[in-house]
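To convert, note that position 16 of the sequence shown is 16 in the working numbering; the numbers rise steadily by one, no gaps. Positions of the beta carbon are idealized from the N, C-alpha and C atoms, including for glycine. Let me begin by presenting the structure, written as structure tokens, before commenting on it.
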Amino acid sequence: MAKKFYQYIKGVLRKPKASIFLMFLVVSIFIWFLISLSDTYISHVNFKLNYSGLPEDKLILGTPKKNLEVNIETSGFKILNYRIFKRDLYLPLSDFTQQKNKYYMLPQDIEEAIATQYKSIIVRRIAADSLILNLGVNKKKQVKVVANVELDFAEDHQLRDSLLVEPDSVWVRGPEDVVDKVKLIETEEKEYKNIQEDFEHELKLMVPDSVADLELETKQVNVLGKVERYTEKIVLVPVQVKNLPNKINLKLYPDKVKVLCKAPISELKKVNESTFKIICDYKNVSDSSTYLIPEISEKPGFISSATILDRKVEFLIKKQ
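Structure, rendered in structure tokens:
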């Protein structure tokens, strides 16, 4: 049925008289539309609010009103144009009334601003009681950067030193109520696997949505690490006793303890008995004790771990 109706309409439109009639109908509708738009109407339109004239050391706190609905009286042409192309309404701070750190603009002041900037329309009603701005200090402070990375090293490999972030802190600027919330800035989350050599990666800084108004000194940082292959070694280290009374001599068994340490292969030649300092504190000895507990007092920074294998050192007292 629909197909037959379509073919019938198509056949009618092919006739010259039908085409002329259709053309006049379209022109008539268009002229009627233009005449209608030339009449005066009352309708609502939206203005985009732009605040200006703020002091350099001040910022708007919170989220100010960004759009304003206004009932206006003007021609249909203008109403259609205003709805298709939203207009800006510029509101300088000097037009607001100050009350401490708050600035407000009454509806009649808003109406006057619209009338000044758009002379061809009449404001009938403003859909707002007043506009209020809370101003605060444009604050700046330095915030620590934390690398949000997971590092997985190849067997026997690890960081030579601690992970570096360059820069390790950044300046942030923004409204004081926002800046005060920020304690640190994290990088984007990344995972690196089977690491066997030095690395340097550029990572973006992630700003939480709650403090999205912040300005950052930089938007990315570099994360660096020196990687070495490590191995273990056992060394014999002499035991020293501190806080020993002057009239007492001790005979230690053993007088050297085994220390299992882990160090970079490139530094392994430096590891010997003088690398460590092993101390026993005589103050910790009770009357019934026959042994001392050795502890590592000193070790070089390139040693990643060190464990004393001989956990007790027995002693004999030789009184002078």
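### Query
How many angstroms separate the CA atom of P245 from the CA atom of D287?
The sequence position of residue 245 within the sequence shown is 245, counting from 1. The sequence position of residue 287 within the sequence shown is 287, counting from 1. Spanning the two alpha carbons is a distance of roughly 14 angstroms.
### Query
What is the residue span of the beta strand (DSSP E) that I303 lies within?
Counting from 1 along the sequence shown, the entry for residue 303 is found at position 303. Segment: none, I303 is in no beta strand (DSSP E) and carries neither H nor E.
#### Entry: Per-residue burial, P175 [other beta carbons within 10 Å of its own, 16 or more giving buried]
Here residue 175 corresponds to residue number 175 of the sequence shown, with the count starting at 1. With 16 or more Cβ atoms within 10 Å of its Cβ, P175 is classed as buried.
### Message
Looking only at its chain, what residues have a beta carbon closer than 8 angstroms to the beta carbon of L214, apart from the 5 residues adjacent to it on each side?
### Response
As a working mapping, residue 214 is identified with position 214 in the sequence shown. Taken in chain order, the residues that qualify are V172, R173, G174, V178, V179, V182, V207.
### Query
How would you call V70, buried or exposed, if buried means at least 16 neighbouring beta carbons within 10 angstroms?
As a working note, residue 70 is residue 70 in the sequence shown. The residue in question, V70, is buried, as its Cβ has 16 or more Cβ neighbours within 10 Å.
### Query
Can you list, in chain order, the residues of its chain whose CB lies under 7 angstroms from that of V239, leaving out five sequence neighbours each side?
Against the sequence shown, residue 239 aligns to sequence position 239. So the list reads L252, D255, K256, V257, I278, C280, P294, V313, once near-sequence residues are dropped.
### Message
If the criterion is Cβ atoms closer than 8 angstroms, does the pair E155 and L224 meet it?
### Response
Within the sequence shown, the letter at position 155 stands for residue 155. Within the sequence shown, the letter at position 224 stands for residue 224. No, the pair does not count as a contact, with Cβ atoms beyond the cut-off.
### Proximity to F96 [Cα-Cα], best of A306, Q108, D88, K78
To locate residue 96, count along the sequence shown from 1; it is residue 96. Out of A306, Q108, D88, K78, Q108 has the C-alpha closest to the C-alpha of F96.
### Query
Would DSSP call T231 helix, strand or coil?
Locating residue 231 in the sequence shown gives position 231, where the first residue counts as 1. Reduced to three states, the DSSP call for T231 is strand.
#### Entry: Residues bridged to S52 [DSSP beta-bridge criterion]
Counting from 1 along the sequence shown, the entry for residue 52 is found at position 52. DSSP lists P92 as partners of S52.
### Query
Can you tell which of D88, V45, P64, Y192 has its C-alpha closest to the C-alpha of R124?
Sequence index remark: in the sequence shown, residue 124 carries index 124 (1-based). Nearest of D88, V45, P64, Y192 to R124, Cα basis: V45.
### Query
Where does Q196 sit, in a helix, a strand or coil, going by DSSP?
Within the sequence shown, the letter at position 196 stands for residue 196. Coil.
### Message
Between K299 and N243, how many whole angstroms is the CB-CB distance? I'm expecting something under 8 angstroms.
### Response
Along the sequence shown, one-based indexing puts residue 299 at 299. Along the sequence shown, one-based indexing puts residue 243 at 243. About 21 angstroms; that fails the 8 angstroms criterion.
### Query
How is A263 classed by DSSP in three states: helix, strand or coil?
Working through the sequence shown from its first residue, we reach residue 263 at position 263. Look at A263 here: in three-state DSSP terms it is strand.
### Message
Under DSSP, the alpha helix (DSSP H) around I110 begins and ends at which residues?
### Response
Walking along the sequence shown from the start, residue 110 turns up at place 110. 107 to 117 is the span of the alpha helix (DSSP H), which, as asked, contains I110.
### Task
Take the Cβ of F315 as the centre, count every other Cβ of all protein chains shown within 10 Å, and call the residue buried at 16 or more, exposed below.
Position 315 of the sequence shown, counted from the start, is the residue given in the question as residue 315. The residue in question, F315, is buried, as its Cβ has 16 or more Cβ neighbours within 10 Å.
### Query
Grouping DSSP H, G and I as helix and E and B as strand, with all else coil, what is L292?
Residue mapping note: residue 292 aligns to position 292 of the sequence shown, counting from 1. In the structure shown, the three-state DSSP call for L292 is strand.
### Message
If I follow the unbroken beta strand (DSSP E) through V170, where does it start and stop?
### Response
Numbered from its first residue, the sequence shown carries residue 170 at position 170. Following the DSSP letters along the chain, one finds V170 inside the beta strand (DSSP E) bounded by residues 169 to 175.
### Task
Would you identify the three-state DSSP class for D180, choosing helix, strand or coil?
As a working mapping, residue 180 is identified with position 180 in the sequence shown. In this structure, D180 counts as coil in the three-state DSSP scheme.
#### Entry: For Y282, the first and last residue of its enclosing beta strand (DSSP E)
Your numbering for residue 282 matches position 282 in the sequence shown. Looking at the DSSP string, Y282 is not in any beta strand (DSSP E), and its letter there is neither H nor E.
### Task
Could you name the residues that DSSP lists as bridge partners for V87?
Residue mapping note: residue 87 aligns to position 87 of the sequence shown, counting from 1. Correcting the residue identity first, residue 87 is Arg in this sequence and not Val. DSSP output for R87 lists F47 as bridge partner(s).
### Task
Consult DSSP for L309 and reduce its assignment to one of helix, strand or coil.
One-based indexing of the sequence shown puts residue 309 at position 309. Coil, per DSSP.
### Query
Out of curiosity, what's the CA-to-CA distance linking I317 and V146?
Along the sequence shown, read from residue 1 onward, the residue named residue 317 stands at position 317. Along the sequence shown, read from residue 1 onward, the residue named residue 146 stands at position 146. Those two C-alpha atoms are separated by around 54 angstroms.
### Query
Helix or strand or just coil, what does DSSP make of D213?
One-based indexing of the sequence shown puts residue 213 at position 213. Three-state result, D213: coil.
### Task
Can you have a look at G62 and say buried or exposed, based on whether 16 or more other CB atoms are within 10 angstroms of its CB?
Position 62 of the sequence shown, counted from the first residue, corresponds to residue 62. G62 comes out exposed.
### Task
Using 10 angstroms around the beta-carbon of I185, count the other beta-carbons present and answer buried if the total reaches 16, otherwise exposed.
Residue mapping note: residue 185 aligns to position 185 of the sequence shown, counting from 1. Buried is the label assigned to I185, since at least 16 other Cβ atoms lie within 10 Å of its Cβ.
#### Entry: T218 to S305 span [Cα, whole Å]
Counted from its first residue, the sequence shown places residue 218 at position 218. Counted from its first residue, the sequence shown places residue 305 at position 305. Approximately 37 angstroms, taken between the alpha carbons.
#### Entry: Sub-8 angstroms separation of T307 and L260 beta-carbons
For the purposes of this step, residue 307 is identified with residue 307 of the sequence shown, where counting begins at 1. For the purposes of this step, residue 260 is identified with residue 260 of the sequence shown, where counting begins at 1. Yes, Cβ-Cβ distance for T307 and L260 is below 8 angstroms.
### Query
In whole angstroms, what is the alpha-carbon distance linking Y104 and P55?
Here residue 104 refers to the residue found at position 104 when the sequence shown is read from its first residue. Here residue 55 refers to the residue found at position 55 when the sequence shown is read from its first residue. Going by the C-alpha atoms only, they are around 16 angstroms apart.
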